[in-house]
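Take any residue in the sequence shown, note its place counting from 1, add 1042, and you have its number in this note's numbering. From the three backbone atoms N, C-alpha and C, an ideal C-beta is built for every residue, glycine too. Predicted, not measured: the structure shown is a model, and the values here were computed from it. Heads up: the structure comes next, in structure tokens.
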Amino acid sequence: MSNLTLRYLKVLVVALSAAFGTSIFLGNLMDYHSNYQFVQHVLSMDTTFEGNALMWRAITDPTAHTIAYIGIIIAEGLFSVFGWIATGNMLRNVKKDAKTFNNSKTFAYIAYMVAFCIWFFGFAIVGAEWFAMWQSQVWNGQQVAFNITEVMIGFLILVSLRDRELTE
């Protein structure tokens, strides 16, 4: 694979990440109530195991649910924006020297940091573990969160590979 082809592949995975984030962001805006229910049930812990000793962690205040959900939507929007900025920066610099192209990846790294905050911290750690989402048969996004995190890790590894100078 040529250096230029690898650079285009990096641009593509960042663009696909941004498109993924945009799709989720818009979905949460267009179907606000359905996705709000997910947050509400996870935070309320109302579908976890009966007699769960962790129920003291439950948050049943609708205002807190709304704040949490809006925070998730904002984070997904930021992930998308940073991803699109990175895509543009990388595409503009794809044929330039290695240092310039490597430096154009900054917003991609920021986008992936936000992604890890959303899906690994927010869903896998806070949702699945703190609010025992893993116990729910209905409102359990643990596996999806891990799947998204794994894909983002793979993309981050690919993008972070240092680029060499283009050869003729």
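- Counting along the chain, Asn1070 sits inside the alpha helix (DSSP H) bounded by residues Asn1045 to Met1072.
- Here Glu1118 is buried, its C-beta having at least 16 other C-beta atoms within 10 Å.
- Secondary structure of Ser1146 (DSSP, three-state): coil.
- Leaving aside the five residues that flank Leu1096 on each side, the residues in its chain whose CB is nearer than 6 Å to its CB run, in chain order, Ala1174.
- For the segment 1135-1193, the full-length alpha helix (DSSP H) segments reaching 4 residues or more read 1140-1145 and 1148-1157 along the chain.
- Cβ-Cβ distances below 6 Å link Ser1086 to Ala1100 and Thr1102 in the same chain, with the five nearest sequence neighbours on each side left out; the list follows chain order.
- Note that the segment 1072-1091 does not touch the segment 1141-1157; fewer than 3 beta-carbon pairs, one per stretch, sit closer than 8 Å.
- Between the alpha carbons of Leu1200 and Thr1090 lies a gap of roughly 38 Å.
- A residue is called buried when at least 16 other Cβ atoms come within 10 angstroms of its Cβ; Asp1205 meets this threshold and is buried.
- Nearest Cα to Val1168 within the set Lys1052, Asn1070 and Val1081: Val1081.
- Taken through DSSP and simplified to helix, strand or coil, Leu1096 comes out as coil.
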